[in-house]
Ligand SMILES: Cc1ncc(COP(=O)(O)O)c(C=O)c1O
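Shown next as structure tokens:
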């Protein structure tokens, strides 16, 4: 039976189709033919290229951002009894990993203008048990890394950044990836740089990078490439009970090509962003704020807040868009409103009002480095008809 090469019913405007070109396909095919599929020379090359791109002294390639976050917490010495201050407006992985190391996430509210963790709220959430700050560059908009660095240093805690959305981001003139003790990137299928699944940890700490390499591969003192290399020795020591978090060469081959095309794809994202900004300017929705001077926004997610003035509830508008072939998403339902976090920590509605407002009203519109202008124009036209036309 023939394997279909496309989804059986592709939406007219998909949410975040990956921007994969012939370069990526050729790189993966030649890796398949190379005889080395898992962690090897292409992973090493991708790590070097990513370190050079960000300016970080060390980059460790992993199989997800979740893995990078987990290893960053462990490398920073976070464990049972400790607290980590983070935002409730994030993907569950950000807080789940804090629980994986036996620590407790302490949420602090966002700045409503940026949807990023507010430094003042983070400061107010610090207790004598706090060991790390974990801000998230929401949607690709960089957090004020200088403010978080000052706060972390003043309180003697680690700064770990969740940069899942922020490969290209720059904060106050400094590249994200160089501003924290540990920075964690995602290369998941919808991300600006994708390897299907994948992630990267960057750090200036040589010890931290060495720890992440060992803890991320079973706690073994040497990786397979070193063991099976022509000059290699088959022996290794297990020095800790580690995890299986390594990236494959198949992924790194794709990542190298994706990294090379990052600027071109960001330009496409910028073009879509402008179409949305201009086309939605007079609608009663809240659009993303302008980018602060000295910052680069990675344009990962274009989010609108559906205000009551639109005459629509958020979920009804999502359904109406879907019925017209436009796939959208929600980033994010605030973590303190999820059943696990409510049951475990007793959170109730009203504790983080700014995050709740986004959680209740946000829609992420289609956006991708592979998206033509015509798709964005169709999204604008459909939204305009729904919000202005159908009420008339
Ligand atoms: C803010 C944030 N953090 C972490 C992650 C986890 O990334 P990964 O799927 O690479 O583990 C995601 C994934 O979408 C995310 O959006």
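Numbering (the working numbering), first residue to last: 155 to 546.
Ideal Cβ positions, reconstructed from N, Cα and C, are used throughout, including at glycine.
Note that this is a predicted model, so its numbers are computed, not measured.
{"Query": "Within 8 Å, strictly: CB atoms of residue 541 and residue 427", "Result": "no"}
{"Query": "Option nearest residue 317 by Cα separation, candidates 435, 452 and 196", "Result": "452"}
{"Query": "Candidates 259, 342 and 315, of which the one nearest residue 217 by Cα", "Result": "342"}
{"Query": "Assigned secondary structure, residue 259 (DSSP; H/G/I helix, E/B strand, else coil)", "Result": "strand"}
{"Query": "Cut-off 6 Å between Cβ atoms - residues of its own chain near residue 438, not counting five sequence neighbours on either side", "Result": "461, 463 and 464"}
{"Query": "For residue 313, the three-state DSSP class (helix, strand or coil)", "Result": "strand"}
{"Query": "Within-8 Å CB hit, residue 362 to chain C", "Result": "Protein chain content of the structure displayed is limited to a single chain, and chain C is not contained in it."}
{"Query": "DSSP three-state assignment for residue 513, whether helix, strand or coil", "Result": "helix"}
{"Query": "Whole-angstrom distance between residue 371 and residue 267, CA atom to CA atom", "Result": "41 Å"}
{"Query": "Under 8 Å between C-beta atoms of residue 338 and residue 222", "Result": "yes"}
{"Query": "Residue 245 CB to nearest heavy atom of ligand 2 below 7 Å", "Result": "As far as ligands go, the structure on display features ligand 1 and does not contain ligand 2."}
{"Query": "Cα-Cα separation, residue 324 to residue 335", "Result": "16 Å"}
{"Query": "C-alpha distance - residue 254 paired with residue 243, whole-angstrom precision", "Result": "19 Å"}
{"Query": "C-alpha distance - residue 498 paired with residue 508, whole-angstrom precision", "Result": "22 Å"}
{"Query": "First through last residue of the beta strand (DSSP E) which encompasses residue 286", "Result": "284-288"}
{"Query": "Rounded straight-line distance, which links the Cα of residue 209 to that of residue 331", "Result": "7 Å"}
{"Query": "Spatially closest choice to residue 353 from 321, 375, 481 and 308, by CA coordinates", "Result": "321"}
{"Query": "Any non-hydrogen atom of ligand 1 within 7 Å of residue 456 CB", "Result": "no"}
{"Query": "Cα-Cα separation between residue 228 and residue 185, rounded to whole angstroms", "Result": "32 Å"}
{"Query": "Complete runs of the alpha helix (DSSP H) confined to the region 405-448 [at least 4 residues]", "Result": "416-433"}
{"Query": "Collapsed DSSP secondary structure at residue 386 in the structure displayed", "Result": "coil"}
{"Query": "DSSP state of residue 538 mapped onto helix, strand, coil", "Result": "helix"}
{"Query": "Any non-hydrogen atom of ligand 1 closer than 7 Å to residue 290 Cβ", "Result": "yes"}
{"Query": "For residue 400, three-class secondary structure by DSSP", "Result": "strand"}
{"Query": "Residue 532 - DSSP class collapsed to helix/strand/coil", "Result": "helix"}
{"Query": "Residue 248 - DSSP class collapsed to helix/strand/coil", "Result": "helix"}
{"Query": "Inter-residue CB distance, residue 299 and residue 326 (contact presumed, cutoff 8 Å)", "Result": "7 Å"}
{"Query": "Beta bridge counterpart(s) of residue 337 as assigned by DSSP", "Result": "315 and 356"}
{"Query": "Where residue 381 sits in the DSSP three-state scheme", "Result": "helix"}
{"Query": "Same chain, Cβ closer than 7 Å to residue 363, five either side skipped, listed in chain order", "Result": "212, 214 and 357"}
{"Query": "Same chain only: Cβ atoms within 6 Å of residue 475, ignoring 5 sequence neighbours per side", "Result": "482"}
{"Query": "Heavy atom of ligand 1 within 7 Å of residue 316 beta-carbon", "Result": "yes"}
{"Query": "Reduced DSSP category for residue 291 - H, G, I as helix; E, B as strand; rest coil", "Result": "coil"}
{"Query": "Bounding residues of the alpha helix (DSSP H) (the contiguous stretch that carries residue 224)", "Result": "219-229"}
{"Query": "CA-to-CA distance, residue 523 to residue 398, given in whole angstroms", "Result": "31 Å"}
{"Query": "Residue environment, residue 281, which counts as buried when at least 16 other CB atoms sit within 10 Å", "Result": "exposed"}
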